[in-house]
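Take the working numbering: the final residue in the sequence shown is number 1151, and no numbers are missing along the way.
Remarks on the structure that follows.
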Amino acid sequence: MKLQEFTSSAHNFEECMKCTVCTAYCPVVQVNPRYPGPKQAGPDGERLRLKDPIFFDEALKYCLNCKRCEVACPSGVNVADIIQEARMKYGKSKPRLRDRILASTDVMGPLVVPFAPVVNFVTGLGVTKAVLHATMGIDRHRTFPKYSSRTFEAWFRRNALKEQRKYDNKVAFFHGCYVNYNYPALGKDFVKIMNAIGYGVELLDKEQCCGVAMISNGMYDGAVKHARNNVSALSKAVDKGLKILTTSSTCTFTMRDEYPDVLGLQNSDVRDNIMLATKWLYEKISSGEVKLKFRKDFRMKVVYHTACHMQKMGWQLYSIELLRMIPGLTLTVLDQNCCGISGTFGFKKENYGFSQKIGSKLFEDIRTSNPEYVATDCETCKWQIEMSTGIPVLNPIEILAEAIEL
Ligand code: SF4
Ligand code: SF4
């Protein structure tokens, strides 16, 4: 595949006025002296790279693609997109076996699910972690997410599909790899809420991994293939008049914005129909179109963590306001700090220390608040926070499902 097939057209690096605000907000610069920072890696570097690709710096691999620089930039420069595009165009390092395994979530899922109890047990052993650390470069301190012994799709086909046909109003659900292979409980809660408000749920025709881990691990051909498949599956749902709802902020952001901005794939006919379930629910409830009845005995003390991609979309407000509608919920909204995992970045031996340092402020804030649960819309933030603080993390949809009166 030729690069220009999947990279987007020229980014707006000329709009940079060199204020360095982006660098002040970059979580990597603060912990890794080898990283040049967004201003230099993005707009400044792009001017040089256009003259001669020899100016490409392999240290750009440390960028988390968290987009905090873009949120901070007063000139609206697509700093992180410029960096990702440079990595795609000029990067020489090829993905290692470890990177391919970590990024191939929908290859690993079907292989592991039939043996989930054994795999979960073995990957939790210290000896297994030591071997993976030494041979594969997966850090020995990392806790692996557990696999489910049945996929969400299998549960849905067997236990929910028939029921969904009873509803006139419907939504489509992009469940993502995490719900399907690791955490079907979240998908079940999504279906429970939708049915409680009178909506049936449809799954997409052949959903695949959104491809975010492939993008960050340099598997661009695979990411484009997945993106094309998903845009086609999403288009079919949109043609049926369905909104596509999600529970993962990262899958949502990737399909809406990374497909066109980083992979150069046109998605304008589906983009505005892809929406996080919390946003959709908040809008339906606040317009009076949907009413929820809450349990009178519900009590929970929660802190909300804004995932980086959630911040980039600006949609944390919907999750927060939805949670605030729940009587009996005590909610504290944390300062917006990166958790440091950035998908597969924090799994790698060479990044683990940086990943923990980046997340340390967030972990400290969470411990100080002493909540029963942390709420967040991103599954990889959940892994990092649970592992680093020992406090359980829930998606807002799970909290809502627990709080409603059926
Ligand atoms: S914040 Fe924006 S304008 Fe300022 S240096 Fe960074 S990219 Fe340039
Ligand atoms: S995307 Fe995140 S890690 Fe990368 S340069 Fe921007 S702020 Fe830094």
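Using N, Cα and C, we set each Cβ at its ideal position, and we do this for glycine too.
Bear in mind the structure is a predicted one, so any value in this text is a computation, not a measurement.
Original post:
How big is the Cα-Cα spacing for residue 840 and residue 963?
Top reply: In the sequence shown, the residue the question calls residue 840 occupies position 95. In the sequence shown, the residue the question calls residue 963 occupies position 218. About 6 Å.
Original post:
Is any beta-carbon of chain B found at less than 8 Å from that of residue 903?
Top reply: Among the chains in the structure shown there is no chain B, since it carries only a single protein chain.
Subject >> Close beta carbons around residue 746, own chain, < 6 Å, minus the five adjacent residues each side >> reply: Translated into the one-based positions of the sequence shown, residue 746 becomes position 1. Unreliable placement is indicated for residue 746, whose pLDDT of 37 sits below 50; no coordinate value is reported for it.
Subject >> Unbroken stretches of the alpha helix (DSSP H), 4 residues or longer, contained in the region 779-843 >> reply: DSSP assignment within the region 779-843 yields the following whole alpha helix (DSSP H) runs of 4 residues or more, N-terminal first: 790-796, 813-817 and 824-835.
Original post:
According to the Cβ coordinates, are residue 1142 and residue 989 closer than 8 Å?
Top reply: Locating residue 1142 in the sequence shown gives position 397, where the first residue counts as 1. Locating residue 989 in the sequence shown gives position 244, where the first residue counts as 1. For residue 1142 and residue 989, no; Cβs fall outside 8 Å.
**OP:** Only counting runs of 3 or more residues, tell me where the beta strand (DSSP E) segments fall wholly within the region 891-921, in order along the chain.
**Re:** 914-919
Original post:
Is residue 942 closer than 8 Å to residue 1076 when the C-beta atoms are compared?
Top reply: Start at 1 with the first residue of the sequence shown, and residue 1076 comes out as number 331. Start at 1 with the first residue of the sequence shown, and residue 942 comes out as number 197. No. Outside cutoff.
Original post:
Cα separation between residue 923 and residue 929?
Top reply: By one-based count along the sequence shown, residue 923 stands at place 178. By one-based count along the sequence shown, residue 929 stands at place 184. Their backbone Cα atoms lie some 8 Å apart in a straight line.
Original post:
Does DSSP classify residue 979 as helix, strand or coil?
Top reply: Here residue 979 is taken as the residue at index 234 of the sequence shown, counted from 1. It is helical.
**OP:** Compare the C-alpha of residue 1048 against each of 1040, 1117 and 994 and name the closest.
**Re:** Along the sequence shown, one-based indexing puts residue 1048 at 303. The shortest Cα separation from residue 1048 among 1040, 1117 and 994 belongs to 1117.
Original post:
Helix or strand or just coil, what does DSSP make of residue 766?
Top reply: The count along the sequence shown starts at 1 and reaches residue 766 at position 21. Residue 766: helix per DSSP, three-state reduction.
Original post:
What are the partner residues of residue 1029, as DSSP defines its beta bridges?
Top reply: As a position in the sequence shown, residue 1029 is number 284, starting the count at 1. In DSSP, residue 1029 forms no bridge with anything.
Original post:
Given a threshold of 16 other Cβ atoms within 10 Å of its Cβ, counted over all protein chains shown, does residue 860 qualify as buried or as exposed?
Top reply: Here residue 860 is taken as the residue at index 115 of the sequence shown, counted from 1. Its Cβ having fewer than 16 others within 10 Å, residue 860 is exposed.
Original post:
Hey, would you say the C-beta of residue 1084 is under 7 Å away from at least one heavy atom of ligand 2?
Top reply: Locating residue 1084 in the sequence shown gives position 339, counting from the first residue. Relative to the non-hydrogen atoms of ligand 2, the Cβ of residue 1084 never comes closer than 7 Å to any of them.
Original post:
Is it the case that the CB of residue 765 approaches a heavy atom of ligand 4 more closely than 7 Å?
Top reply: In the structure on display, ligand 4 does not appear, and the ligands it does have are ligand 1 and ligand 2.
Original post:
Under three-state DSSP, which class holds residue 1008?
Top reply: Walking along the sequence shown from the start, residue 1008 turns up at place 263. Coil.
Original post:
What is the DSSP secondary structure of residue 877, reduced to helix, strand or coil?
Top reply: Residue mapping note: residue 877 aligns to position 132 of the sequence shown, counting from 1. Note: residue 877 maps to helix in three-state DSSP.
Original post:
Touching or not, the region 1091-1098 and the region 885-903, by the rule of three or more beta carbon pairs under 8 Å?
Top reply: yes
**OP:** Check whether the Cβ of residue 980 sits closer than 7 Å to any heavy atom of ligand 1, and report yes or no.
**Re:** Along the sequence shown, one-based indexing puts residue 980 at 235. False, no ligand heavy atom lies under 7 Å from that Cβ.
Original post:
According to DSSP, what are the bridge partners of residue 1045?
Top reply: Reading the sequence shown from its first residue, position 300 is the one you call residue 1045. Answer is 1074.
Original post:
Are the beta-carbon atoms of residue 819 and residue 774 separated by less than 8 Å?
Top reply: The residue you call residue 819 lines up with position 74 of the sequence shown. The residue you call residue 774 lines up with position 29 of the sequence shown. Result no, Cβ atoms of residue 819 and residue 774 do not sit closer than 8 Å.
Original post:
Who are the near neighbours of residue 1150 in its chain, counting only those whose CB is closer than 7 Å to its CB and skipping five residues on each side?
Top reply: The residue given as residue 1150 occupies position 405 in the sequence shown. The residues are 1038, 1039 and 1040.
Subject >> Secondary structure of residue 991, DSSP reduced to three states >> reply: The count along the sequence shown starts at 1 and reaches residue 991 at position 246. Of the three classes helix, strand and coil, the one that applies to residue 991 here is strand, per DSSP.
Original post:
Under the three-state reduction of DSSP, which class applies to residue 1039: helix, strand or coil?
Top reply: Working through the sequence shown from its first residue, we reach residue 1039 at position 294. Three-state DSSP puts residue 1039 in a strand.
**OP:** May I ask you to check if the CB of residue 831 is nearer than 7 Å to at least one heavy atom of ligand 2?
**Re:** Within the sequence shown, the letter at position 86 stands for residue 831. No - ligand 2 has no heavy atom lying nearer than 7 Å to the Cβ of residue 831.
**OP:** Tell me whether the beta-carbon of residue 1129 lies closer than 8 Å to the beta-carbon of residue 1104.
**Re:** The sequence position of residue 1129 within the sequence shown is 384, counting from 1. The sequence position of residue 1104 within the sequence shown is 359, counting from 1. Against a cut-off of 8 Å, the Cβ pair of residue 1104 and residue 1129 comes out as a contact.
**OP:** Might you give, ordered along the chain, the residues of its own chain that have their beta carbon closer than 7 Å to the beta carbon of residue 1139, omitting 5 neighbours on each side?
**Re:** The residue labelled residue 1139 in the question sits at position 394 within the sequence shown. 1118 and 1120.
**OP:** With distances taken Cα to Cα, identify the nearest neighbour of residue 1000 among 952, 933 and 1101.
**Re:** As a working mapping, residue 1000 is identified with position 255 in the sequence shown. For residue 1000, the nearest C-alpha among the options comes from 952.
**OP:** Kindly identify the DSSP beta-bridge partner or partners of residue 945.
**Re:** Here residue 945 corresponds to residue number 200 of the sequence shown, with the count starting at 1. Under DSSP, residue 945 forms a beta bridge with 915.
**OP:** Could you spell out the range, first to last residue, of the beta strand (DSSP E) harbouring residue 1020?
**Re:** Sequence index remark: in the sequence shown, residue 1020 carries index 275 (1-based). Run containing residue 1020: 1019-1021, per the beta strand (DSSP E) assignment.
Original post:
How would you label residue 1013, buried or exposed, when you count the other beta carbons within 10 angstroms and need 16 or more for buried?
Top reply: The residue given as residue 1013 occupies position 268 in the sequence shown. Exposed, because fewer than 16 other Cβ atoms sit within 10 Å of the Cβ of residue 1013.
**OP:** Check the C-beta distance from residue 949 over to residue 919 and give it rounded, since I have them as a contact under 8 Å.
**Re:** Indexing the sequence shown from 1 puts residue 949 at position 204. Indexing the sequence shown from 1 puts residue 919 at position 174. Contact flag correct, Cβ pair sits at about 6 Å.
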